[in-house]
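Note that the UniProt record's numbering has the sequence shown beginning at 1, numbered continuously upward. In what follows, a structure is listed as structure tokens, so that the remarks can point back to it.
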Amino acid sequence: MSPENLDPLWEPLKIGGIEVPNRIFVSAHMMAFGDEPIVHDRYINYYEERARGGVGLLITGAEGTGPKGWHAPHFQAWREDASPRYQALANAVHQHGTKIFTQLWNPGLQDHGMMDLDNHHPTYGPSGVQSPFYGRIAKAMETEDIQEFINDFARCAELAQANGIDGVEVAGGHGYLINAFLSPFNNRREDEYGGSPENRARFAIEIGQEIRRRCGDDFPIMFRMIFEEFVGPAGANPQDSAELLKALHAAGVYDAFNISGGTYHSMWSTIMPASAPLDTPYVDDAALAKATIGAEVPVAVACKIYELETAAEVITSGKADLVAMTRAHLADPHLIKKAREGRRAEVRRCVGMNQGCVHRQFIGAGSSCTVNPVVGREGRWGSTKLGSAGTQRRVLVVGGGPGGMKFAEIAAGQGHDVTIWEKGDKLGGKLHHAAQMPGRQRWADLVTDLSAAVERAGVTVQFGTEATADNIREFGADMTVIATGGHFDHSTFSVLRPDRNAIPGADPAKILDPVQVLEHPELVGDNVVIIDDFNEPPSYGTALNLASQGKKVTRVTMNPGTLAAGYNVYDGYGGVYASLGQSGVVHHTETTVNEITDEGVSITQIWTHETQTVPADTVIVTMLRKPNDELYFELKNAGIPVRRIGDAVAPRRVDEAIYEGFELGLGLEAAIAESKPLAGVN
């Protein structure tokens, strides 16, 4: 798409009494940065960086509306002592011309009710049903509960308005409290708040009416709703949701509607990963919303829109008036600025894996971004913090994987003279293998983007170069960075079987790993057993690939689930479970391998002690991985200045490799001067 085709994105849009400068917005999303549950400097820096990059509208949240409508780590929007922080946030964003809303939220069914030691309470809902995620039965709300929560929402809107926030969004989607009232599945009431679409919409309408009464006619109020619950005929579908929308719009209190999809019954559908089978999944629902209410108020759409070209097509088609590009703005907060300045080739694209952002929350960590380690660290590493090095250094990078490329890009950007030695014929390292896994094709975009960034930075790249201590010494670098990655270990050692050092009968020379399977498919027989301790993506990706080739595949794992924890929430359901289930792959969970014989693999279920032999002419292990660290230690012992990053430290995810490359690239001068590792880097 040529630059002029993006022009529809730059048109302003009226929402209530304000004008948004363009058609791209960042939808409400939790970042879980920690600290106190109010806006603090880390959040202000995060949002301001995206405003600096030119986005039209930012929506914070979801933000709790009262002690009974909140759980950690969300903000507490009702706290008056937080007013100075909201004012600082509004001022920071407004100086760049961006508008900012606060999303007001009550978790309803999707709450523990006991996360605050001093405020245990039941979860709340229209009816006494359970959350499919937490399993707690909700209190069916009484009239006084309904009125209390209406007042909570309105009071928080008043505070937001007083603090300079431009508008609010009422969270009516994704299985939370208001959505539970809208849902024919969760709302089983027989009073004026249940039954017909008009009755199910009553709670949401009364919230909007009270906000309007307190905040006035010009204060924008947006409503976020879902058109599909993905729970079958019992739940909301586009047709039922269109009737709800008619009632909401007819009330005349909402200035815009933000269309998304999915609930806690179908977590993958709320923040769809790249592996999900749908692209731009809710654009047609937004089009139905526009057809339902006409052009009187704007309709926004969210979910899985990665590129500006796609957003422009949505706007040009008339299916929506405003497009969310939230994860895209984690990956590159300046994507709009770059596009408007004719630098679209420099945009760093989201790969849609949900591992640097969403997955981190489910392991109790603050969100960041796989491809952009600045996320959450804007106060240290944001665009206004970067400068040039005081002294140019000659730097050698051994290995052209993601960590090595990120280091080279950042170090060269600081003014250093950087050379990459790559023993292969292309940059990208393990990402080339990852991109060949089902649903993981977008890893190839990261290779392209990192390679382009290295070239723009003026890095010298030499392919087909095998690094040794001798030629490194001859090169004479001020610092050598080892980014040589790691490899699968064929020893069959398992930390889950401390009683032995290897699987009896295992021959490391005959065992394959996922990389070998991709590079030498001719080595794979028809009956395959994959042994995997922790259910990581290489295991199920390899299984899917081989099953699609007609192989009979069996996976054996000590893990109780089919997929690793964390993948289950926002990736596993996104097509991986379905694909595995439909592929014919046989899974033996909570199962240990006894031995490998000529007949196959002997396995035992650890609870029932049932033993069987699975026929196998090929055994693949995705158990232990080890760093390629021999060269690092040789250089270190020889007294040559050296650091290592990524899998050369310890095999992990690409997130860590890119983070460590970025960190060392910025701190290179200090590392050379101090001759000791930076934090997180050996």
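Each residue gets a CB set at the ideal place from its N, CA and C atoms; glycine is no exception. In this text the structure is predicted, and so the values were computed from the model without any measurement.
Nearest-angstrom Cα separation, counted from residue j out to residue i
i	j	result
G403	L427	11 Å
G261	S275	17 Å
P184	K626	52 Å
G680	P514	The predicted model places G680 with a pLDDT of 49, which falls under 50 and marks its position as unreliable; any figure quoted below should be read in that light. So the two alpha carbons sit approximately 28 Å from each other.
Q147	A162	23 Å
V556	A648	28 Å
P504	G584	28 Å
residue 743	N559	The structure shown has nothing for residue 743, since the chain only spans 1 to 682.
S266	N628	40 Å
L308	V374	21 Å
G366	Q612	44 Å
D285	L245	12 Å
E313	E669	46 Å
residue 684	E192	Nothing about residue 684 can be read from this structure; the chain reaches only from 1 to 682.
E19	T60	18 Å
P197	H249	12 Å
P677	H359	Note on P677: pLDDT 47, under 50, position unreliable in the model; no value is reported.
S2	P498	A caution first: S2 carries a pLDDT of 46, below 50, which makes its placement in the model too unreliable to give a value.
Q87	Q95	12 Å
D526	Q549	9 Å
H112	S131	10 Å
D507	Y632	29 Å
A140	A457	60 Å
A77	N106	11 Å
D283	L330	The question names Asp, yet the displayed sequence has Val at residue 283. If I take the Cα positions, the gap works out to 21 Å.
Q414	G661	13 Å
V323	V576	27 Å
T292	D217	23 Å
Contact under 8 Å by Cβ, residue i with residue j
i	j	result
V528	I620	yes
A160	T98	no
I100	V168	no
E519	V461	no
Y124	G108	yes
I137	N179	no
L635	F407	no
W443	V351	yes
A171	A62	yes
Residue i versus the options, residue with shortest Cα-Cα distance
i	options	result
G17	L6, R155, R212, E590	R212
P37	E669, V253, T65	T65
H587	N628, Y540, N545, E630	Y540
G164	L177, Q110, A90, A345	A90
G439	D116, D655, M272, A616	M272
P281	A311, D152, G54	A311
G390	H416, E409, I410, T384	H416
I580	A543, D598, E610, H487	With the sequence shown as reference, residue 580 is identified as Leu, and Ile is not the correct amino acid for it. The shortest C-alpha separation from L580 is found at A543.
residue 750	C156, Y306, I315	With the chain represented from 1 up to 682, any question about residue 750 goes unanswered, as that position is not in the structure.
M115	V129, G128, K68	K68
T143	G194, T592, N637	G194
E158	D255, A457, F219, L9	F219
R652	H487, G550, P641	H487
M325	E346, A650, N258	N258
K14	D321, P641, G387	D321
K319	L523, R23, V576	R23
N119	N199, H71, R343, G173	H71
A339	A673, I672, E674, D7	D7
G364	V299, A82, M30	M30
T484	E466, D478, S491, S494	E466
L386	L396, A412, G401	A412
Segment limits, alpha helix (DSSP H) that includes residue i
i	result
F153	143 to 162
N545	537 to 548
V347	Run containing V347: none; DSSP gives neither H nor E here.
S241	238 to 250
A673	668 to 674
Beta strand (DSSP E) segment containing residue i, residue limits
i	result
V283	Taken as a continuous stretch (DSSP letters only), V283 belongs to no beta strand (DSSP E), being part of the alpha helix (DSSP H) at 283 to 293.
residue 686	Here the chain comprises residues numbered 1 to 682, so residue 686 is not present and cannot be evaluated.
N594	591 to 596
S602	600 to 605
Residue i Cβ short of 7 Å to the ligand MN heavy atom set
i	result
G64	For the structure depicted, the ligand MN is absent and the ligand set is empty, with no information on it obtainable.
- Query: So, do the region 30 to 49 and the region 230 to 242 have three or more beta carbon pairs nearer to each other than 8 Å?
  - Reply: no
- Message: Does the region 364 to 384 come into contact with the region 38 to 50, if we say contact requires no fewer than three beta-carbon pairs (one atom in each stretch) closer than 8 Å?
- Response: yes
- Message: Using 8 Å as the cut-off, can you tell me whether the region 238 to 256 makes contact with the region 149 to 160, which would need three or more C-beta pairs spanning the two stretches below that distance?
- Response: no
- Contact between the region 463 to 478 and the region 440 to 455: three or more CB pairs below 8 Å? no
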